[in-house]
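*Asks:*
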Amino acid sequence: MSAPQSLANIVLVQLILFGVYLSLFIVYAALGELKKHSRVGQAALTASCVLTTVHSSFVFYESYLTAVSQDRSSFVLENGDLTWNVLPMLIGIITAITEGFLAARAGQLIASRLIRFLFWGWLGVLIALVLIGSAVTCADGVLYYEGAEAADLVIQYSTGNSIYFWASCVADISVSAACAWSLRARIAGFNPTTDSLLRHLISIAFRTAAYTAVFSLVSAILATVYGDDTLNTWIVYCFWMFMPAAYGLSLFTFATSSKRAIEQRLGSSGSHGNVAGGTATKRRTTFKTSAVPGEAPIPLETIRLPRTQPLQIHVQHEQVVSVDHNEDRASSKGGSEKHHGPEWEV
Numbered sequence: 242m243s244a245p246q247s248l249a250n251i252v253l254v255q256l257i258l259f260g261v262y263l264s265l266f267i268v269y270a271a272l273g274e275l276k277k278h279s280r281v282g283q284a285a286l287t288a289s290c291v292l293t294t295v296h297s298s299f300v301f302y303e304s305y306l307t308a309v310s311q312d313r314s315s316f317v318l319e320n321g322d323l324t325w326n327v328l329p330m331l332i333g334i335i336t337a338i339t340e341g342f343l344a345a346r347a348g349q350l351i352a353s354r355l356i357r358f359l360f361w362g363w364l365g366v367l368i369a370l371v372l373i374g375s376a377v378t379c380a381d382g383v384l385y386y387e388g389a390e391a392a393d394l395v396i397q398y399s400t401g402n403s404i405y406f407w408a409s410c411v412a413d414i415s416v417s418a419a420c421a422w423s424l425r426a427r428i429a430g431f432n433p434t435t436d437s438l439l440r441h442l443i444s445i446a447f448r449t450a451a452y453t454a455v456f457s458l459v460s461a462i463l464a465t466v467y468g469d470d471t472l473n474t475w476i477v478y479c480f481w482m483f484m485p486a487a488y489g490l491s492l493f494t495f496a497t498s499s500k501r502a503i504e505q506r507l508g509s510s511g512s513h514g515n516v517a518g519g520t521a522t523k524r525r526t527t528f529k530t531s532a533v534p535g536e537a538p539i540p541l542e543t544i545r546l547p548r549t550q551p552l553q554i555h556v557q558h559e560q561v562v563s564v565d566h567n568e569d570r571a572s573s574k575g576g577s578e579k580h581h582g583p584e585w586e587v
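Encoded structure:
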């Protein structure tokens with residue numbers, strides 16, 4: 242009995258997606274962009290990359306064993322080995338890290354403190370269900386490998402799949418909806434530049450969810466329809482394989498694309514704190530010197546002096562004026578004058 246090539250296609254999809262994700266991450270880190278994130282952001286991106294690399298290494302190893310092994314029995318093809326059945330738990334950890342980071346970022350955008358904590362509580366429940374679903378799937382897979390039957394399981398294998406995929410799908414949609422709602426509430430209608438940025442950030446949020454939510458929804462429906470009493474339940478396992486790479490791309494897109502979009506649209510004005518049509522506007526105050534009547538005033542901003550040398554004024558003219566307050570105002574202009582050179586020299 243030989244296994245058809247279609248069984249290996251999902252492994253190829255996982256490796257291709259992982260290659261795309263790893264290439265983007267390496268280039269991003271080599272350009273120094275990774276260091277511009279906060280410590281939490283760097284830790285989340287790095288942990289996601291490391292765990293996804295470990296998962297892809299196990300997938301490649303298992304595909305190699307399947308290729309060179311002479312055992313083509315249905316039991317081996319369905320149940321694999323212990324390493325193969327532990328992968329759902331690793332996938333659940335990657336999912337929890339990604340959704341936890343995205344939930345934290347999305348919650349920070351919510352202005353209302355009450356709604357923010359309710360949102361975090363809701364996402365906490367969903368992330369807990371993700372871990373529970375992956376743990377059940379992992380445990381049932383190991384029990385099946387050890388020879389257990391469907392009647393021996395406390396929670397069915399398909400039920401564990403349903404818990405994981407339904408929870409991850411709802412969590413992804415919740416994060417994207419929260420980002421879109423909070424961003425629109427904060428900056429909608431400010432000016433054309435921010436409105437354009439708002440539309441772009443909302444599209445990034447929903448594109449981030451699309452990487453995983455669509456596949457999670459399809460696999461959740463399949464896991465709900467097919468029980469452990471049919472071989473069709475193993476179809477869902479195909480969707481488990483590329484979820485880490487999809488979540489890696491999701492996290493990478495959210496963390497980098499949104500940051501790049503803000504820098505491109507508001508980078509020139511962000512340093513001054515002003516947004517006006519995408520360009521920075523500085524307040525310029527013109528000071529004018531006192532001028533002799535009949536002469537045009539000279540703006541000080543037209544005088545260009547070397548910035549490295551301070552302005553120095555040397556007094557070369559001294560004038561002593563004596564005023565007798567008892568005399569008439571006309572005679573108070575008298576006095577003695579001493580001229581030692583030019584009046585002013587700058």
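Position 5 of the sequence shown, counting from 1, maps to 246 under the working numbering, and the rest follow consecutively. Beta carbons: idealized from backbone N, C-alpha and C, even for Gly.
By alpha-carbon positions, which one of 371, 270, 426, 383 ends up nearest to residue 410?
*Replies:* The option with the nearest alpha carbon to residue 410 is 371.
*Asks:* In chain order, what residues of the same chain have a beta carbon less than 8 Å from the beta carbon of residue 445, not counting five sequence neighbours either side?
*Replies:* Cβ neighbours of residue 445 beyond the five flanking positions: 494, 495, 498, 499, 502.
*Asks:* For residue 303, which three-state DSSP category applies?
*Replies:* Residue 303 falls in the helix class under three-state DSSP.
*Asks:* By DSSP, does residue 511 sit in helix, in strand, or in coil?
*Replies:* Unreliable positioning characterises residue 511 in this predicted model, as indicated by a pLDDT of 42, which lies under 50. The coordinate reading is nonetheless provided below. In this structure, residue 511 counts as helix in the three-state DSSP scheme.
*Asks:* By a C-beta neighbour count over all protein chains shown, 10 Å radius and 16 as the cutoff for buried, is residue 516 buried or exposed?
*Replies:* The predicted position of residue 516 is uncertain, since its pLDDT is 34 and thus under 50; a value taken from the coordinates is nonetheless stated next. Label assigned to residue 516: buried.
*Asks:* Count the other CB atoms within 10 Å of the CB of residue 324; is the residue buried (16 or more) or exposed (fewer)?
*Replies:* Its Cβ having fewer than 16 others within 10 Å, residue 324 is exposed.
*Asks:* Looking at C-alpha atoms only, which residue of 369, 359, 308 is the closest neighbour of residue 631?
*Replies:* Lying before the first or after the last residue shown, residue 631 is absent from the chain, which here runs from 242 to 587.
*Asks:* Do the region 251-268 and the region 469-483 touch if we need at least three Cβ pairs shorter than 8 Å?
*Replies:* Yes, the region 251-268 is in contact with the region 469-483.
*Asks:* Are the region 355-370 and the region 295-314 touching, with three or more C-beta to C-beta distances below 8 Å?
*Replies:* Verdict: no, contact absent.
*Asks:* State yes or no: is the C-beta of residue 287 within less than 7 Å of the C-beta of residue 489?
*Replies:* No, the pair does not count as a contact, with Cβ atoms beyond the cut-off.
*Asks:* Is the region 334-351 touching the region 420-428 in the sense that three or more CB pairs, one from each, lie closer than 8 Å?
*Replies:* The region 420-428 is in contact with the region 334-351.
*Asks:* Could you tell me the alpha carbon to alpha carbon distance between residue 276 and residue 450, rounded to whole angstroms?
*Replies:* Approximately 25 Å between the Cα atoms of the pair.
*Asks:* Three-state secondary structure (DSSP) at residue 483?
*Replies:* Three-state result, residue 483: coil.
*Asks:* Using the rule of at least 16 other Cβ atoms within 10 Å of the residue's Cβ for burial, across every protein chain shown, is residue 464 buried or exposed?
*Replies:* Residue 464 should be labelled buried.
*Asks:* For residue 267, count the other beta carbons within 10 Å of its own beta carbon; 16 or more makes it buried, fewer makes it exposed. Which is it?
*Replies:* When all chains shown are included, residue 267 counts as exposed.
*Asks:* Given a cut-off of 7 Å on the beta-carbon distance, is the pair residue 401 and residue 377 in contact?
*Replies:* For residue 401 and residue 377, yes; Cβs fall inside 7 Å.
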